[in-house]
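So the structure is just underneath, and the comments pick up after that.
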Amino acid sequence: MNQNTLLRTYRANRILTNTCIGTAVGVFGTWSYARRGLVYDTTNNAIKPLKEAGLLPKAVSLPNPTRLHDLMQDYFILDSSRPNNYASWIGSAFSHTGLGHIVFNMITWSSFAPMLYLLPTRHYAGLIFGSAIASSATYLYDKRGTQAKGLGASGIVSGIMASVTMFMPTARARVWGILPMPLWALTGSFFLLDAYFMQADMRTGIGHSAHVGGGVFGVLYYAVFLRKYRAHLARGLSGFV
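All the letters of the sequence shown, read from the start, carry residue numbers 1 to 241 under UniProt numbering.
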């Protein structure tokens, strides 16, 4: 594969990552608007004086926050009481309501993803959306018969981390930017902790089963589809990144 093809593939996968992250940020902003509007519709009330002063047309308004919140509940959150709401299997993976949650997930995603940018875009996309579906399915199966809701990109991040680890298990990452650790130890430790908390059914407020589902999918996707690109990825990254 020549340098121009590598460059196009790298750029396409980077655009896909940025699009996914931008989508997650947009969903986060929509959640923030809808949830705050349930208490007090600050935005529409703020523009009311502008309308009265004739600075804005009276027809100008923003979405009704109550209706928007209901829509977000339907499509951007997993609900164990509605496991067949398949749109939420994808939507929830790009959904966050806490600032710390989205910041951690997006930083981790953008840190590991470049190691996969030389893969064919169809496989990089397959890993992202496959991890989303697998993590959602695992979470709903684990929470069957209970009243539980979940959201977040952690399942996708787990799938990406697992695949990167399979490609380069001895590569080193710095935990919290300080402690160097080989990827096999880092990813393995997270997986074992998630599996333990999932099996123990401990209420930590974290979707451990979603992490497990995403991680297992990442390993399986590597074994079935990505393993043949191991040498290609190593050669490309050595002279490209």
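Backbone N, C-alpha and C fix where the C-beta goes; we use that ideal spot for every residue, glycine too. These numbers come from a predicted model, not from an experiment.
Check	Outcome
For a test of the three-state rule: what should DSSP assign to L151, helix, strand or coil?	coil
So P65 is in the alpha helix (DSSP H); what residue range does that whole segment cover?	65 to 75
Give the secondary structure of L119 by DSSP, where H, G and I count as helix, E and B as strand, and everything else as coil.	coil
Across which residues does DSSP place D79 in a beta bridge pair?	K149
Residues in the same chain with beta-carbon distance under 7 Å from M166, minus the five sequence neighbours each way, listed in chain order, please.	V219, Y222
Taking three-plus beta-carbon pairs below 8 Å as touching, is the stretch 179 to 192 in contact with the stretch 119 to 131?	no
Under three-state DSSP, which class holds residue 247?	No statement about residue 247 is possible, as the shown extent of the chain runs from 1 to 241 and does not include it.
If you count every other CB in all the chains shown that lies within 10 Å of the CB of L62, and 16 or more means buried, which is it?	exposed
What do you get for T204, buried or exposed, if any count of 16 or more other CB atoms within 10 angstroms of its CB means buried?	exposed
Figure out for me which residue from A137, G29, P120 has the closest Cα to the Cα of I90.	A137
Using CA atoms only, rank isn't needed, just tell me which of D79, G214, N84 is closest to S154.	G214
Report the residue from S110, A185, H208, A125 whose alpha carbon sits nearest the alpha carbon of D142.	H208
Using 9 Å as the threshold, is the C-beta distance between L56 and G37 below it?	no
Determine the closest residue to A24 out of T170, I156, D201, S189, with distance taken between C-alpha atoms.	I156
Beta-carbon within less than 7 Å of A194's beta-carbon, same chain only, minus the 5 sequence neighbours each way: which residues are those?	Note on identity: in this sequence residue 194 is Asp, with Ala being the wrong assignment. Excluding positions up to five away in sequence, the list reads H208, H211, V212.
Can you give the Cα-Cα distance for G159 and F217, rounded to whole angstroms?	6 Å
Between P169 and W184, what straight-line distance do the alpha-carbon atoms span, to the nearest angstrom?	5 Å
Within the same chain, show all residues whose beta-carbon is closer than 6 Å to that of C20, passing over the 5 residues directly before and after it, in chain order.	none
Could you compute how far the alpha carbon of S110 sits from the alpha carbon of E52?	45 Å
Can you give the beta carbon distance from L99 to L226, rounded, assuming they're within the 8 Å contact cut?	In fact, because the Cβ distance is near 33 Å, the residues do not count as touching under 8 Å.
Measuring only the C-alpha atoms, how far is T102 from H96?	Position check: residue 102 holds Ile in this sequence, whereas Thr was assumed. So the two alpha carbons sit approximately 6 Å from each other.
Does DSSP classify G130 as helix, strand or coil?	helix
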